[in-house]
Amino acid sequence: MIDAFIVKKGQDKVITRIAESAPNGDESLDAIENLSKQLIDELHQYNNQLCREKTWTGTIKIEQHTYEKLLNADDPGKPGGSTKSDLSVHCAVNNDVAQCTVNYSEQLTGAEGNSSTVASCTCQADVSIYVLEGKTSISVGMVTANGTNSGSLEGGGGFSSEITMPLGGWIVDAAIGTSTQSDSCSGSVTQSDLTITWSLTKK
552 MIDAFIVKKG QDKVITRIAE SAPNGDESLD AIENLSKQLI DELHQYNNQL
602 CREKTWTGTI KIEQHTYEKL LNADDPGKPG GSTKSDLSVH CAVNNDVAQC
652 TVNYSEQLTG AEGNSSTVAS CTCQADVSIY VLEGKTSISV GMVTANGTNS
702 GSLEGGGGFS SEITMPLGGW IVDAAIGTST QSDSCSGSVT QSDLTITWSL
752 TKK
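Throughout, the working numbering is defined as the position within the sequence shown, counted from one, plus 551.
This is the structure:
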């Protein structure tokens, strides 16, 4: 007679129990193996309590500031223009989802006029975080910001319109942060004019 059970520690409570009879010899060994599988199957109903998967929480911040001089397309000898943009993204991470506050602005100045774009959103983005051998990989998905585009033209007149702007697809690939372990990571990476900073804990 084989009787197997699992007791919840600290409560002296039997949460699963299986009994089976078998003859001696190899058949009893087979019965033990079958019994152990049944015992584990019985534990599936307790998965959320006993085997809760750890999740990443923390913050990811993205900053991007660009400035570029533009040549006059008709005559390179004449004054051209310039474009300047600023992006700020602050995300609170919960497992594979990030709640983000996004602010974007762009200013275009030229001989024929100027224009400005302003867009923002409080939106949700998909995020994936992977730590392997002390290196962190992070991917933040696309978001959609709403805003306005307005400006004035040389000689008078102006324009203004509402816009919807896709932003995102930011990636950190196998970066070595200031603190990287299997259950926590933090650091900052600058790629050209883009800086991504993160502080994350897995628990």
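The beta carbon of each residue, even a glycine, is placed where N, CA and C say it ideally should be.
Here L622 carries a coil assignment [DSSP, helix/strand/coil]. When G576, S639, S750, K564 are compared, the shortest CA-CA separation from I689 is found for S750.
The straight-line gap separating the alpha-carbon atoms of T748 and V653 is approximately 15 Å. Here V640 is buried: its Cβ has 16 or more other Cβ atoms, across all protein chains shown, within 10 Å.
Within its own chain, the residues whose Cβ lies closer than 7 Å to the Cβ of A696, once the five positions on either side in sequence are excluded, are V653, Y655, A670, S671, C672, M716, L718, listed in chain order. Taking the Cα positions, L659 is about 14 Å away from T699. Annotated three-state conformation of K588 is helix, per DSSP. Here K612 has H641, T748 as same chain residues with Cβ atoms under 6 Å from its own Cβ, once five neighbours each way along the sequence are excluded. Only residues of its own chain outside the window of five on either side were considered, and among them none has a CB closer than 6 Å to the CB of K560.
A662 carries a coil assignment under DSSP once its states are collapsed to helix, strand and coil. Nearest neighbour of I583 by Cα position, chosen from I569, G720, Y681, turns out to be I569. DSSP places T634 in the uninterrupted beta strand (DSSP E) bounded by 632-645. For the pair C674 and V694, the CB atoms are nearer than the 7 Å cut-off. Sequence-distant Cβ neighbours of S579 in its own chain, meaning closer than 6 Å and more than five residues away, are A573.
With at least 16 other beta carbons inside 10 angstroms of its own, V678 counts as buried. Between V682 and W721, the beta carbon gap of about 18 Å keeps them out of contact (Cβ cut-off 8 Å).
Sixteen is the threshold: since fewer than 16 other Cβ atoms of the shown chains lie within 10 Å of the Cβ of A725, the residue is exposed.
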